[in-house]
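In my numbering, the protein residues as written are 371 to 529.
Glycine included, each C-beta is placed from N, C-alpha and C at the ideal position.
In this text, all values refer to a predicted model and were calculated from it rather than measured experimentally.
Take a look at the structure set out below.
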């Protein structure tokens, strides 16, 4: 079988950052998939499921309510390796194009207070697996150590 493109990226060189993972078309629409890498693969501990789940609920809520991007959001969800998330947007984008959106989103997560949206038995299949404090910590760390002063090595996959 042909190896899928994401397995060809050298994960020993991959840094925390925001990368264009792939571009596809659906009809005439370009779909851009972003790799939002919050922890450095194989060098840092992965995120636990509770904080990933919390970030997923908060980010999805933020994105699907965004005044400019809500109609462009196709998907937001975690990577199986627990080092980050995928975001799929309708449109032809580069990593640098969505840094303001992601900065605002992670600030929303960092500053969030109250009940996590959708964290109830009637709304979620695993509503007890949430950790808001750790989600806020990880959002703050990703903002301060990656997004707020993002550089080219954190925007383009390593060769």
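Counted within 10 angstroms of its Cβ, other Cβ atoms place residue 465 as buried (16 or more) or exposed | buried
Does the segment 384-394 touch the segment 425-445, meaning 3 or more C-beta pairs lie closer than 8 Å?
-> no
How is residue 432 classed by DSSP in three states: helix, strand or coil?
-> For residue 432, the secondary structure class from DSSP, reduced to helix, strand or coil, is helix.
Within the segment 416-462, ranges of the beta strand (DSSP E) (whole runs, at least 3 residues) = 443-448 and 454-460
What residue does the beta strand (DSSP E) around residue 392 start on, and which one ends it?
-> 387-396
Counting only the same chain and skipping the five closest in sequence on each side, list residues whose C-beta sits under 8 Å from that of residue 523.
-> Counting only residues of its own chain and dropping the five nearest sequence neighbours on each side, residue 523 has a CB closer than 8 Å to the CB of 385 and 387.
Express the C-alpha separation of residue 476 and residue 513 in angstroms, rounding to a whole number.
-> 7 Å
Can you say whether residue 533 is buried or exposed, counting buried as having 16 or more other CB atoms within 10 angstroms of its CB?
-> Limits of the chain in this structure are 371 at one end and 529 at the other, which puts residue 533 out of reach.
DSSP puts residue 516 in a beta bridge; with which residues?
-> Answer by DSSP bridge pairing: none, since residue 516 is not bridged.
Under the DSSP definition of a beta bridge, which residues are partnered with residue 400?
-> 395
Any idea what DSSP makes of residue 481, helix, strand or coil?
-> helix
Backbone CA spacing between residue 451 and residue 470 [nearest angstrom] | Whole-angstrom Cα-Cα distance: 26 Å.
Between residue 529 and residue 484, what straight-line distance do the alpha-carbon atoms span, to the nearest angstrom?
-> 43 Å
Euclidean distance between Cα positions of residue 488 and residue 446 = 15 Å
In chain order, what residues of the same chain lie with their CB nearer than 8 Å to the CB of residue 416, ignoring the 5 residues before and after it?
-> 409, 451, 452 and 453
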